[in-house]
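Asker:
In this note's numbering, the protein residues as written are 9 to 509.
1. What are the uninterrupted segments assigned as alpha helix (DSSP H) that are 4 or more residues long and contained completely in the segment 212-293, given in chain order?
2. Following the continuous beta strand (DSSP E) through residue 424, name the residue where it begins and the one where it ends.
3. With 16 as the cutoff for other CB atoms within 10 Å, does residue 115 come out buried or exposed?
4. Which complete alpha helix (DSSP H) runs does the segment 289-326 hold, if anything under 4 residues is left out?
5. Run the CB neighbour count on residue 344, radius 10 Å, all protein chains shown included, and call it buried at 16 or more, exposed below.
6. Indicate whether the contact test is met: 3 or more Cβ pairs, each with one atom in the segment 459-479 and one in the segment 36-47, closer than 8 Å.
7. Taking just the CA atoms, how far does residue 507 sit from residue 338?
8. Along the beta strand (DSSP E) that carries residue 361, what are the first and last residues, could you check?
9. If distances are taken between C-alpha atoms only, which option among 413, 412, 326 and 272 comes closest to residue 346?
10. Helix, strand or coil for residue 419? Go by DSSP, reduced to three states.
11. Measure how close the beta-carbons of residue 112 and residue 240 come, nearest whole angstrom, since I'm counting them as under 8 Å.
12. Label residue 222 either buried or exposed according to how many other C-beta atoms from any shown protein chain fall within 10 Å of its C-beta, with 16 as the threshold for buried.
13. Determine the contact status of residue 185 and residue 191, defining contact as a CB-CB distance below 8 Å.
14. Any idea what DSSP makes of residue 488, helix, strand or coil?
15. Once you ignore the five residues that flank residue 75 on each side, which residues in its own chain have a CB closer than 8 Å to its CB?
16. Is it buried or exposed for residue 289, if we count other Cβ within 10 angstroms and need 16 for buried?
17. Can you list, in chain order, the residues of its chain with a C-beta nearer than 7 Å to that of residue 133? Leave out the 5 residues immediately preceding and following it.
18. With residue 374 as the anchor, note down where its alpha helix (DSSP H) starts and where it stops.
19. According to the Cβ coordinates, are residue 164 and residue 171 closer than 8 Å?
20. How would you write the range of the beta strand (DSSP E) that residue 431 sits in, first residue to last?
21. Can you give me the Cβ contacts of residue 362 inside the same chain, cut-off strictly under 8 Å, excluding the 5 residues immediately before and after it?
22. Can you tell me where the beta strand (DSSP E) with residue 396 in it begins and where it stops?
23. Pair every Cβ in the segment 477-494 with every Cβ in the segment 76-84, then say whether three or more of these pairs are closer than 8 Å.
24. In terms of alpha-carbon separation, which member of 106, 453 and 427 lies closest to residue 442?
25. Along the chain, where does the alpha helix (DSSP H) that runs through residue 452 open and close?
26. Please state the DSSP three-state secondary structure of residue 86.
27. Suppose the cutoff is 8 Å on Cβ atoms and the five residues either side in sequence are ignored; what does the same chain contact list for residue 379 look like?
28. Of all the alpha helix (DSSP H) runs that stay within the bounds of the segment 130-204, which reach a length of 4 or more residues?
29. Run through DSSP, which three-state label would residue 506 get?
30. Please look up how many angstroms separate the CB atoms of residue 34 and residue 72, rounded, as I've assumed it's under 8 Å.
31. For residue 258, collect the residues of the same chain with a Cβ closer than 6 Å to its Cβ; drop the 5 residues on either side in sequence, then sort them by chain order.
32. For the alpha helix (DSSP H) containing residue 467, name the first residue and the last one.
33. How many Å lie between residue 291 and residue 231 at the Cα?
34. Among residues of its own chain, excluding the 5 on either side of residue 98, which ones have a beta-carbon nearer than 6 Å to its beta-carbon?
35. When you compare the segment 418-435 with the segment 448-459, are there three or more beta-carbon pairs, one atom per stretch, that lie closer than 8 Å?
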């Protein structure tokens with residue numbers, strides 16, 4: 009094939025064949041992979057046809073759920089038609105080879121092998137397996153159970169291939185996050201994300217001149233931002249003086265504090281040196297380097313420079329974990345510094361933790377949770393491998409009323425719930441209020457317990473992430489009390505985040 013001339017390429021229209029995002033279109037597309045011949049091959053149509061429809065609906069859910077971003081899945085998994093057709097072939101073979109309907113076998117093949125083969129995150133795997141447990145069970149083929157694949161969408165139990173095709177066209181319910189098991193607020197989050205991406209793209213291509221010359225408006229704005237940051241930039245902590253006050257070098261909480269102080273000093277030092285260098289460059293004392301130019305663009309677009317994020321541990325192999333603007337991120341950094349200043353104040357022992365730790369303001373939140381487990385393990389004579397995290401949600405919203413840490417475990421605050429809310433009155437998870445995307449969680453009492461002491465009944469294992477970017481930002485899971493089956497919150501994508509957007 010010869011190379012296409014550049015002129016033709018630039019004037020051409022790009023056409024991409026991508027799966028739709030709505031349930032009805034994906035369900036229609038999924039069913040079109042089969043035919044009347046597929047239906048007639050099975051000698052057990054009473055089970056085969058509804059189960060095939062259930063698989064098609066599961067396929068449509070997996071494809072459509074991706075549009076909700078990290079609330080849907082932590083990654084954009086490449087589910088494809090081959091996954092569905094192989095599962096359908098396995099379904100037919102298993103039905104023919106077994107007298108009893110092999111529900112569990114079909115769910116395992118789909119959830120752990122075909123679709124599960126794409127999945128790398130255990131919380132995403134939990135979602136797909138829960139979909140299969142809800143969709144593919146004996147109620148699906150039981151007319152008396154009044155089973156529904158989704159609210160307002162019951163399965164068709166008998167009919168020809170054309171009947172099933174027509175049924176999808178006529179009976180499919182209107183598109184809504186509820187079809188995916190999610191709260192309507194999920195659509196608001198989706199639209200906000202799309203708008204933010206659009207506005208950022210417009211801003212980034214709007215020009216403003218280069219970093220070295222021209223574009224006076226851009227340069228003036230960058231100077232203003234730079235001066236504002238330098239004016240409020242905190243002093244580094246005196247680590248020599250702090251270490252002289254140490255009484256118990258092996259205390260896990262003290263080790264964590266020292267690590268946080270050193271990380272904060274590194275962040276402040278990097279910011280100060282880069283801003284000083286940029287100030288000299290803008291004044292003409294230094295040539296504008298590529299690094300300076302990148303910093304200029306970040307300040308102009310109100311983005312956190314990647315070099316700063318990297319030091320904070322907010323950049324990894326999959327990209328940045330931060331969604332805050334530079335101004336919001338810098339305000340947050342000021343609060344982090346204040347917590348460390350209070351914690352390391354010379355008026356109290358370094359080993360004494362604050363009454364409640366603002367865990368969202370730590371660079372390594374899992375380090376603090378691990379310190380809690382280490383303290384308990386040493387005190388009670390267990391190995392660290394035996395310890396797990398137990399979370400007791402309190403009714404405390406005003407942290408200033410808390411005076412001391414508990415005798416066992418530790419208090420933390422600064423978490424937000426995503427996809428649901430915490431009902432203090434009933435002391436359990438509840439449906440979100442409309443348009444309330446990230447309700448504040450009360451203070452949580454974190455306790456380290458052994459595996460056999462961990463609560464498993466009547467709880468939802470709620471993952472906690474550092475930011476709204478799920479996956480690599482996972483910290484730990486907190487078992488939260490629920491009065492409804494846990495699968496409701498699993499499908500709703502309920503999680504807690506430390507740093508909302």
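C-beta atoms are modelled at their ideal positions from N, C-alpha and C, and glycine is treated no differently.
Answerer: Reading it off the structure:
1. Fully enclosed alpha helix (DSSP H) runs of 4 or longer: 224-240, 247-252 and 260-291.
2. Residue 424 -> beta strand (DSSP E) spans 424-426.
3. By the neighbour-count rule (16 or more Cβ atoms within 10 Å), residue 115 is buried.
4. Listed in chain order, they are 298-308 and 314-319.
5. By the 10 Å Cβ count, residue 344 comes out buried.
6. With the rule of 3 Cβ pairs closer than 8 Å, the segment 459-479 does not count as touching the segment 36-47.
7. In this structure, the straight-line span from the alpha carbon of residue 338 to that of residue 507 is close to 13 Å.
8. Note, residue 361: premise wrong, no beta strand (DSSP E); not H, not E.
9. Distance check between residue 346 and each of 413, 412, 326 and 272 places 272 closest, using alpha-carbon atoms only.
10. In the three-state reduction of the DSSP assignment, residue 419 falls in the strand class.
11. With 8 Å as the limit, residue 112 and residue 240 do not qualify as a contact, their Cβ atoms being about 59 Å apart.
12. At residue 222 the pLDDT is 46, less than 50, meaning the model places this residue with poor confidence; the figure from the coordinates comes in the next sentence. Label assigned to residue 222: exposed.
13. For residue 185 and residue 191, yes; Cβs fall inside 8 Å.
14. For residue 488, the secondary structure class from DSSP, reduced to helix, strand or coil, is strand.
15. Short of 8 Å from the beta carbon of residue 75, and not among the five residues preceding or following it, lie these beta carbons of its own chain, in chain order: 29 and 198.
16. That one is buried.
17. Closer than 7 Å at Cβ, skipping near neighbours: 124 and 127.
18. Looking at the DSSP string, the run of the alpha helix (DSSP H) that includes residue 374 is 373-388.
19. Contact flag set, yes.
20. Residue 431 -> beta strand (DSSP E) spans 429-431.
21. Cβ within range, chain order: 347, 350, 351 and 413.
22. Residue 396: member of the beta strand (DSSP E) spanning 395-401, first to last residue.
23. Segments in contact, yes.
24. Of the listed residues, the one whose Cα sits closest to residue 442 is 427.
25. No alpha helix (DSSP H) holds residue 452; the beta strand (DSSP E) holding it covers 452-458.
26. Looking at residue 86 - three-state DSSP - the assignment turns out to be coil, as it is neither helix nor strand.
27. If we look at residue 379 and ignore the five residues flanking it on each side, its Cβ neighbours are 260, 261, 263 and 264.
28. Counting only runs of 4 or more, we get 130-143 and 169-179.
29. In the structure shown, residue 506 adopts extended strand secondary structure according to DSSP, grouped into three states.
30. At roughly 6 Å, the Cβ-Cβ gap stays under 8 Å, so residue 34 and residue 72 are in contact.
31. Non-local beta-carbon contacts of residue 258 in its own chain, meaning distances under 6 Å to residues more than five positions away in sequence, are absent.
32. Careful: residue 467 lies outside any alpha helix (DSSP H), inside the beta strand (DSSP E) at 467-475.
33. Computed Cα separation, rounded: 10 Å.
34. For residue 98, same chain residues with a beta-carbon under 6 Å away, outside a window of 5 residues either side, are 117 in chain order.
35. They touch, by the three-pair rule.
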